[in-house]
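All letters in the sequence shown, in the order written, are residues 1 to 147 by the UniProt record's numbering.
Just so it is clear, CB atoms sit at the ideal spot from N, CA and C, and this is done for glycine as well.
Just so it is clear, the structure is predicted and the values come from calculations on it, not from any experiment.
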Amino acid sequence: MAVETFKAVSKKLPEGLAVESEVRGFKMVLDEPKEMGGTNKGMNPVEALLCALGSCQTIVASAFAKAKGINLQEFWVELEGDIDLDGFMGKSDVRPGFQEIRFKMHMKTDAPKEKAEEFAKFIEKTCPVGDSIANPVKLVLSDVVVE
């Protein structure tokens, strides 16, 4: 078993709800829209999750197309998800996360539709982000550091 540990650090920025996250020297600012109390300096975390899913599916498609006999000239994913904000705001007992995420894969290819659909199923099965969303992941609070 080849287990790889990925690490990230997220830190609150001084203004509004903005957060800077860093991985391997790459930085990303996530925020909330002004109407949610943020400064609108970046996408919010659930929007980033949609982007992570679409990006992962696109990487899987690009990495495996040739091996699967797909001449993939272009590939992109449209994603949307539903969240009941009352759960996030503590106004009801509904869960705070996505209730459903829908995505549509677009493939520019000369492959027949049946082969493209089979490839789409392979992408879904192989995408680590999709798997992490679709199946329970153990979340562990390993420590609380007070400084």
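Judged by DSSP in its simplified three-state form, Phe75 adopts strand. Just so you know, the alpha carbons of Val77 and Ser92 end up roughly 32 Å apart. Excluding sequence positions up to five before and after Lys12, its CB lies within less than 7 Å of the CB of Val19, all in the same chain and listed in chain order. Inter-segment contact for the stretch 64-72 and the stretch 129-141 is absent: fewer than three beta-carbon pairs are separated by less than 8 Å. The residue from Ala120, Gly97, Gly81 with its alpha-carbon nearest to that of Gly87 is Gly97. Within the stretch 79-132, the complete alpha helix (DSSP H) segments of 4 residues or longer fall at 85-88, 113-126, listed in chain order. Remark: C-beta atoms of Leu30 and Gly16 do not approach each other more closely than 7 Å.
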